[in-house]
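Chemist:
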Amino acid sequence: MKEQLQQIKEEALAAIGGAESGSALERIRVAYLGKKGSLTAVLRGMGALSADQRPVIGQIANRVRAEIEQALSDRGTALADKEQNDRLSAEKLDVTMPGADIPKGGAHPLYQVEREMSDIFTSMGFDVADGPEVELDYYNFQALNIPENHPARDTQDTFYITDRILLRSQTSPVQVRTMERQRPPIRVISPGRVYRSDALDATHSPVFHQMEGLVVDKGITMGDLKGMLETFARHMFGQSTRIRFRPHHFPFTEPSAEVDVSCFVCGGKGCRLCKGEGWIEILGAGMVHPNVLRGCDIDPEVYSGFAFGLGIERVTMTKYGIDDIRLLYENDKRFLAQF
Amino acid sequence: MDLSREWLSEFVDVADIPSPEYCDRMTDTGSKVEGCRSLAGDIVNIVIGRIIKKEQHPDADRLSVCRIDAGKSEPVQIITSAQNVYEGAVVPVCLEGAVLPDGTRIKATKFRGLPSYGMMCSFAELGLSEHEMPGADPNGILLLDQVLPGPFPIGEDVCTYLGLRNDVVEFEITPNRPDCLSVIGLARETGASFGRKVHYHTPVVHGAGDDDRVSNYLDVTVQSPLCARYSARVVRNVKIQPSPLWLRMRLFASGVRPINNIVDITNYVMLEYGQPMHAFDYTCLSGSKITVAEAAEGEVFRSLDDVDHVLSAGMLTIRDAEKPVALAGVMGGANSEILDTTKTVVFESACFDGASVRVTSRALGMRTESSGRFEKGLDCENTVGALQRACELVELLGAGEVVEGMIDVYPTPKETVRVPLEVERINRFLGVQLSESYMREVLESLDFTFDGNDVIVPSFRDDVRCMNDIAEEIIRIYGYNKIEATPFTGKVKPGILTPAQKYRRALGELLVSFGLYESCTFSFMSAKNYDKIRLHPEDQRRRSVVIANPLGEDTSVMRTTLLPSLLDCLARNYNRHGTPTGLFEIARVYLPKKPDQLPDEPQRVAIAFYGEGDFYRMKGMVERIAAHAGVRGVKYTACTDQPTYHPGRCALVSGADGTPIGVFGQLHPAAAGNFGFTGEVYAAELDFEALLSLSDFEKHFVPLPRFPALTRDFAFVCDEAIEVGKIEQLIARAGGKTVEQIRLFDLYRGAQIGEGKKSAAFSVTLRASDRTLTDEEADRTAGKICELLERELGATLRN
Chain A
270 MKEQLQQIKE
280 EALAAIGGAE
290 SGSALERIRV
300 AYLGKKGSLT
310 AVLRGMGALS
320 ADQRPVIGQI
330 ANRVRAEIEQ
340 ALSDRGTALA
350 DKEQNDRLSA
360 EKLDVTMPGA
370 DIPKGGAHPL
380 YQVEREMSDI
390 FTSMGFDVAD
400 GPEVELDYYN
410 FQALNIPENH
420 PARDTQDTFY
430 ITDRILLRSQ
440 TSPVQVRTME
450 RQRPPIRVIS
460 PGRVYRSDAL
470 DATHSPVFHQ
480 MEGLVVDKGI
490 TMGDLKGMLE
500 TFARHMFGQS
510 TRIRFRPHHF
520 PFTEPSAEVD
530 VSCFVCGGKG
540 CRLCKGEGWI
550 EILGAGMVHP
560 NVLRGCDIDP
570 EVYSGFAFGL
580 GIERVTMTKY
590 GIDDIRLLYE
600 NDKRFLAQF
Chain B
134 MDLSREWLSE
144 FVDVADIPSP
154 EYCDRMTDTG
164 SKVEGCRSLA
174 GDIVNIVIGR
184 IIKKEQHPDA
194 DRLSVCRIDA
204 GKSEPVQIIT
214 SAQNVYEGAV
224 VPVCLEGAVL
234 PDGTRIKATK
244 FRGLPSYGMM
254 CSFAELGLSE
264 HEMPGADPNG
274 ILLLDQVLPG
284 PFPIGEDVCT
294 YLGLRNDVVE
304 FEITPNRPDC
314 LSVIGLARET
324 GASFGRKVHY
334 HTPVVHGAGD
344 DDRVSNYLDV
354 TVQSPLCARY
364 SARVVRNVKI
374 QPSPLWLRMR
384 LFASGVRPIN
394 NIVDITNYVM
404 LEYGQPMHAF
414 DYTCLSGSKI
424 TVAEAAEGEV
434 FRSLDDVDHV
444 LSAGMLTIRD
454 AEKPVALAGV
464 MGGANSEILD
474 TTKTVVFESA
484 CFDGASVRVT
494 SRALGMRTES
504 SGRFEKGLDC
514 ENTVGALQRA
524 CELVELLGAG
534 EVVEGMIDVY
544 PTPKETVRVP
554 LEVERINRFL
564 GVQLSESYMR
574 EVLESLDFTF
584 DGNDVIVPSF
594 RDDVRCMNDI
604 AEEIIRIYGY
614 NKIEATPFTG
624 KVKPGILTPA
634 QKYRRALGEL
644 LVSFGLYESC
654 TFSFMSAKNY
664 DKIRLHPEDQ
674 RRRSVVIANP
684 LGEDTSVMRT
694 TLLPSLLDCL
704 ARNYNRHGTP
714 TGLFEIARVY
724 LPKKPDQLPD
734 EPQRVAIAFY
744 GEGDFYRMKG
754 MVERIAAHAG
764 VRGVKYTACT
774 DQPTYHPGRC
784 ALVSGADGTP
794 IGVFGQLHPA
804 AAGNFGFTGE
814 VYAAELDFEA
824 LLSLSDFEKH
834 FVPLPRFPAL
844 TRDFAFVCDE
854 AIEVGKIEQL
864 IARAGGKTVE
874 QIRLFDLYRG
884 AQIGEGKKSA
894 AFSVTLRASD
904 RTLTDEEADR
914 TAGKICELLE
924 RELGATLRN
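Chains as they are written, first to last, in this note's numbering: chain A, 270 to 608; chain B, 134 to 932.
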């Protein structure tokens, strides 16, 4: 009987080793371990054995059974693995094929930059004010200390609707409207469209965007203006950015300055972007002129303030290295998709 | 303003400061330098030589062999084809290795076997013109001995000799500083910037020394307050001739063309003093009279450049007994121009009202060097000094005899302006700590004086009126960049965006998520665009705010709709690359009110796409926009009266209360064609303000459903004309509050259901919030739905 068991085992293991599918294995299991299986048959015949033989043969038979079961299980796992591997390799994809076309859109670069700037200023407690683009001469010029027939009007060739209504040539009128509406302390920025009668070319556009800033309070100093602009420049152009003031003239600020930031490409060493200067002119600023304050019924003996203005196109073009302002208004998808 | 450093050195010694350093410091103290150029440019190794011997080239008829003394140990042999040279001529000699202004490098070469070690050159090759070198042959070699008095230092650098080894600094002077449009003004700034003493010059005029008096020649009357001062002198026995080289070269350096001694003197003085001058030919002034008076309406005046101008009343003129002879501060008249035959000259040095000069010059389209200066407001204390300087130059140049006496009509002398020196306040205002003595020192260096604690503002500084102005004077010399940056303190408060600003941002983000690109287009456009989008002739949107002085017709009206500009951009994409593209813009439109009122500037949202998607993609976007803003009960109504759109594919969008939100649809093929499209284009224009007013951004939590839903599907066959929206309304009505969702999942037309019919298949989700719906309940509801649809619309269930 022992030999018989040994033989069953060898036959079964051989059959298992040769099985190539789950169903073949199942057939083998039935053939040996099933109710009518050959090992089952042997075990059934154990009753005929002597009492001292029975435990010995029983032990052997159980071992054979365990070995066959183990072999079935091992082979089953191996076959399942193989089956899965075959399926997976059949499912292989060309990963270099293009991805599905997920709709892509984008905000306009000008408005992305405007938003970035607004976010910096609102985080410093500035409100955002809007004002009319079709504006009264009074707000665009007179209230900003630029009387009629003043040569400063030449620097901003203006579109007129009537003698007293024009397209604002700067966002500065919002300063005045804000000061008329609100008492100090005032901390406000005003981004928006402005208009000058320059023909459209690579560097000029009759419509462009500015952002104006205004702070009025007791004890505001020119040092505060520098501090504010330095903070802005660092957040906008990078922590190592430095700023430089150059005296300039704006009728509505005194003292006035043009402000450069150190070139954020070369860090000030001089490169193509900054035309070798190391500095990029980015904004105009100054201490609010007492005439402007007085015109808004704010006493310049008590209050002082600063104002600044910068061109959003200029910042955008500098930031992204755009060399032609017209690209910003053509709205070619191939351009817009780059930002 | 172009400043010759050579000229500057007459007033202040900064010769030791290299130009780049000079320019940087001047910019830092407020005189912005735009550029700096050397008059000689890159010219190297061109010297003064004298032709010792000139012989015919043995093998060439047209060539001469010259031996030239160029200051070397040996004469230099140069072969030339120029015909105007002769033995003894003094010429500029380009030696071997010389570089011309155009970069040409001179090498030794051979002409027909004979070596030539350089060349002689013309004035053009030195970067000069016949104006700087009057009398020289423009086509020949520059014969220095013919045009200049000598003596000639043989072998010396010709550029040095001609005054071309000189840098010219180009300043951009802001309109508040007309005093800096002069050598003297910039010398003052230079002195203050570098802490150097400025040597001002007081002109000395000897005069003719006889009994002849200016009153024998001229009587001046000022009849208009627009002329604050009129000073004049007369020069007799004038000899018109070219000015000397040094004067010509100073004008040349300043970008002014030399003409003749008298005209050059007026220009020279204008550049040096900043005071425009005019010279009249005295014999052309009838009646020995000059009157400064406003023109009569319609009067005709012929200017120096021989153009006739029709004057308006109020334009200030200089007149003789009969006629205008000059437009005050703008240009002289052709009738009294200085000619080669002029014998007696009147020099005018006057002060005219800036605004008046500006209005006149603009109205007549005559912007001159003089008007550009006057309109900034000139110092009437400057007229006499300038006039004296002109007369001094006349004597220096031997251009004539200055008649004794001066006319100076100055009815109301200028008042002195005083500003208190508030040291503490200035320091506080600037955020610096400067001593009073330093402040005084700076102000004095700029020719401010003091009377006790008052700063006396010099007459040429009309821009200084208050503490801020004084503070600026001090800080610009001290250095803006020495101010320490400080963080300002104040009440802590958040920066706030208005609801409209917040919604503008959120809406932009939403539209981007649809795969659209944001556009930015001009606010003005052509009125023809209203035709391009086929607006009805009576459409309110055809009323625009019109620009009085547009750049052109295509940018002449402020838009009342965003569509045309956006469609232009879309068409540009279509033509350039043709790949499916969707754009949007959120911007203002300008809706006129009364003519003297500012227009309304509401924002609009425009969307346009081609290539991908259809009407329902656009509708989906509009629905999402409404849902995103929390606008409830939005109604979509078929719209056939918008000629911009396809009459069968256009919807009007409105709020539950009927508030119009906008219109969208397929662009009418004719409108699409107007922009160059051939396929279908979809567009929408929504009213941003309406969306905002209907919006509800409050979020309300609704518990997740606790009971399962049941679904019933229906396919209704009905007349083609019946709108799906109507069917949905009835399903909702019949189903009552258990109807959770109605979804159209199929629409079929075909022979099976018959002509003029359609089959609309809906999946209706039913759910009760308080119990599990039974199949029986759902079936009952389904029955009600079918019944109502049959009764109201004649719709039957499809078999």
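Where a beta carbon is used, it is the ideal one built from N, C-alpha and C, also for glycine.
Would you kindly work out how many angstroms separate the C-alpha atoms of B/V371 and B/D414, rounded to a whole number?
Modeler: Counting from one through the second sequence, the residue named residue 371 of chain B turns up at place 238. Counting from one through the second sequence, the residue named residue 414 of chain B turns up at place 281. B/V371 and B/D414 have their alpha carbons spaced roughly 10 Å apart.
Chemist: At 9 Å on the CB atoms, spell out the chain B contacts of A/K544, in chain order.
Modeler: Within the first sequence, numbered from 1, the residue matching residue 544 of chain A stands at position 275. None at all; the shortest Cβ gap to chain B is about 12 Å.
Chemist: Name the chain A residues whose beta carbon is nearer than 8 Å to that of B/D602?
Modeler: Here residue 602 of chain B refers to the residue found at position 469 when the second sequence is read from its first residue. By Cβ distance, chain A contributes E523.
Chemist: According to DSSP, simplified to helix, strand and coil, what is A/M480?
Modeler: Along the first sequence, one-based indexing puts residue 480 of chain A at 211. In the structure shown, A/M480 falls within a strand segment according to DSSP collapsed to helix, strand and coil.
Chemist: Just to confirm the assignment: which complete alpha helix (DSSP H) runs, minimum length 4, are found wholly within the segment 828 to 869 of chain B?
Modeler: 857 to 868
Chemist: Under the rule that 16 or more other beta-carbon atoms within 10 Å means buried, what is A/L362, buried or exposed?
Modeler: The residue you call residue 362 of chain A lines up with position 93 of the first sequence. Classification for A/L362: exposed.
Chemist: Should B/V678 be flagged as near chain A, meaning a C-beta pair shorter than 7 Å?
Modeler: Within the second sequence, residue 678 of chain B is the residue found at index 545, counting from 1. At least one chain A Cβ lies under 7 Å of B/V678.
Chemist: Alpha carbon to alpha carbon, what distance is there between B/V796 and B/L104?
Modeler: The structure shown does not extend to residue 104 of chain B, since chain B is modelled only from 134 through 932, so no value can be given for it.
Chemist: Could you tell me whether the Cβ atoms of B/K547 and B/P308 are closer together than 7 Å?
Modeler: The residue given as residue 547 of chain B occupies position 414 in the second sequence. The residue given as residue 308 of chain B occupies position 175 in the second sequence. Against a cut-off of 7 Å, the Cβ pair of B/P308 and B/K547 comes out as no contact.
Chemist: Checking 7 Å against the spacing of the C-beta atoms, do A/L341 and A/G291 come in under that value?
Modeler: Here residue 341 of chain A refers to the residue found at position 72 when the first sequence is read from its first residue. Here residue 291 of chain A refers to the residue found at position 22 when the first sequence is read from its first residue. Cβ distance not < 7 Å, so A/L341 and A/G291 don't count as in contact.
Chemist: Can you pull the DSSP bridge partners for B/Y769?
Modeler: By 1-based counting over the second sequence, the position of residue 769 of chain B is 636. Paired residue(s): B/V786.
Chemist: From B/E405 to B/E305, what distance separates their C-alpha atoms?
Modeler: Position 272 of the second sequence, counted from the start, is the residue given in the question as residue 405 of chain B. Position 172 of the second sequence, counted from the start, is the residue given in the question as residue 305 of chain B. Each residue's Cα considered, the two are about 17 Å apart.
Chemist: Give the residues of chain A in contact with B/S652, contact being defined as C-beta atoms less than 7 Å apart.
Modeler: Here the question's residue 652 of chain B lines up with position 519 in the second sequence. Chain-order list of chain A residues neighbouring B/S652: H377, N600, by C-beta distance under 7 Å.
Chemist: How is A/V251 classed by DSSP in three states: helix, strand or coil?
Modeler: There is no way to answer for residue 251 of chain A, as the model of chain A reaches only from 270 to 608.
Chemist: To the nearest angstrom, how far is the alpha carbon of B/N614 from that of B/S578?
Modeler: Translated into the one-based positions of the second sequence, residue 614 of chain B becomes position 481. Translated into the one-based positions of the second sequence, residue 578 of chain B becomes position 445. So the alpha carbons of these two residues sit roughly 20 Å apart.
Chemist: Please report the straight-line C-alpha distance between B/A894 and B/F849, rounded to a whole angstrom.
Modeler: Locating residue 894 of chain B in the second sequence gives position 761, counting from the first residue. Locating residue 849 of chain B in the second sequence gives position 716, counting from the first residue. Cα to Cα, B/A894 sits roughly 6 Å from B/F849.
Chemist: Are the CB atoms of A/V485 and A/Y407 within a distance shorter than 7 Å?
Modeler: The count along the first sequence starts at 1 and reaches residue 407 of chain A at position 138. The count along the first sequence starts at 1 and reaches residue 485 of chain A at position 216. Going by C-beta atoms, A/Y407 is not nearer than 7 Å to A/V485.
Chemist: Put A/P420 into one of helix, strand or coil per three-state DSSP.
Modeler: Position 151 of the first sequence, counted from the first residue, corresponds to residue 420 of chain A. DSSP places A/P420 in helix when its eight states are reduced to three.
Chemist: Can you name the residues of chain A whose CB is closer than 9 Å to the CB of B/H710?
Modeler: Taking the first residue of the second sequence as 1, we reach residue 710 of chain B at position 577. Those are D601, K602, R603, listed as they occur along chain A.
Chemist: Return the Cβ separation of B/A915 and B/R845 in integer angstroms, given the expectation that the two are a contact with Cβ distance under 8 Å.
Modeler: The residue you call residue 915 of chain B lines up with position 782 of the second sequence. The residue you call residue 845 of chain B lines up with position 712 of the second sequence. With a Cβ gap of about 5 Å, B/A915 and B/R845 count as contacting.
Chemist: State yes or no: is the beta carbon of A/I430 nearer than 7 Å to at least one beta carbon in chain B?
Modeler: Taking the first residue of the first sequence as 1, we reach residue 430 of chain A at position 161. At least one chain B Cβ lies under 7 Å of A/I430.
Chemist: For a contact defined as C-beta to C-beta under 9 Å, what are the partners of B/C702 on chain E?
Modeler: Given the protein chain composition of this structure (A and B), no chain E is represented.
Chemist: Let me confirm a value: A/R456 is counted as buried when at least 16 other C-beta atoms fall within 10 Å, else exposed. Which label applies?
Modeler: The residue labelled residue 456 of chain A in the question sits at position 187 within the first sequence. Classification for A/R456: buried.
Chemist: Identify whether A/S231 lies in helix, strand or coil by the three-state DSSP scheme.
Modeler: In the structure displayed, chain A extends from 270 to 608; residue 231 of chain A sits before or after that span and is not available.
Chemist: Leaving aside the five residues before and after B/V679 along the sequence, list all residues of the same chain whose C-beta is less than 7 Å from its C-beta, in chain order.
Modeler: Counting from 1 along the second sequence, the entry for residue 679 of chain B is found at position 546. Counting only Cβ-Cβ distances below 7 Å, and skipping sequence neighbours, we find S689, V690.
Chemist: Give the list of continuous beta strand (DSSP E) stretches no shorter than 3 residues that lie fully inside the segment 470 to 512 of chain B.
Modeler: 478 to 485, all fully within the segment 470 to 512 of chain B.
Chemist: For the segment 716 to 781 of chain B, which segments carrying the beta strand (DSSP E) assignment without a break, of at least 3 residues, lie completely within its bounds, in sequence order?
Modeler: 736 to 743, 768 to 771
Chemist: Hey, is B/A805's beta-carbon within less than 7 Å of any beta-carbon in chain A?
Modeler: Indexing the second sequence from 1 puts residue 805 of chain B at position 672. With 7 Å as the cut-off, B/A805 does not count as an interface residue toward chain A.
Chemist: Counting C-beta neighbours from all protein chains within 10 Å, is the total for B/Y363 16 or more, i.e. buried, or is it exposed?
Modeler: Residue numbering aside, residue 363 of chain B sits at position 230 when the second sequence is read from its first letter. Counting the other CB atoms within 10 Å of its CB gives B/Y363 a total of 16 or more, which places it among the buried residues.
Chemist: Can you list the residues of chain A that B/K626 reaches, using a CB-CB cut of under 7 Å?
Modeler: On the second sequence, position 493 is the one that residue 626 of chain B refers to. By Cβ distance, chain A contributes G394.
Chemist: Helix, strand or coil: which one does DSSP assign to A/K495?
Modeler: For the purposes of this step, residue 495 of chain A is taken as the residue at position 226 of the first sequence. It is helical.
Chemist: What number of angstroms, rounded off, separates the C-alpha of A/V333 from the C-alpha of A/L357?
Modeler: Here the question's residue 333 of chain A lines up with position 64 in the first sequence. Here the question's residue 357 of chain A lines up with position 88 in the first sequence. Rounded to the nearest angstrom, the two C-alpha atoms are 36 Å apart.
Chemist: Using a Cβ-Cβ cut-off of 6 Å (strictly less than) and excluding sequence neighbours within five positions of A/A502, which residues of its own chain qualify?
Modeler: Within the first sequence, numbered from 1, the residue matching residue 502 of chain A stands at position 233. Closer than 6 Å at the Cβ level, and outside the excluded window around A/A502, lie T510, I512, V530.
Chemist: So, are the CB atoms of B/R522 and B/V402 less than 7 Å apart?
Modeler: By 1-based counting over the second sequence, the position of residue 522 of chain B is 389. By 1-based counting over the second sequence, the position of residue 402 of chain B is 269. In this structure, B/V402 lies closer than 7 Å to B/R522 by Cβ.
Chemist: Which of helix, strand or coil does DSSP assign to B/C524?
Modeler: For the purposes of this step, residue 524 of chain B is taken as residue 391 along the second sequence, with counting starting at 1. It is helical.
Chemist: Could you please tell me which residues of the segment 466 to 500 of chain B, in chain order, have their CB closer than 7 Å to any CB of chain A?
Modeler: A488, R491, V492
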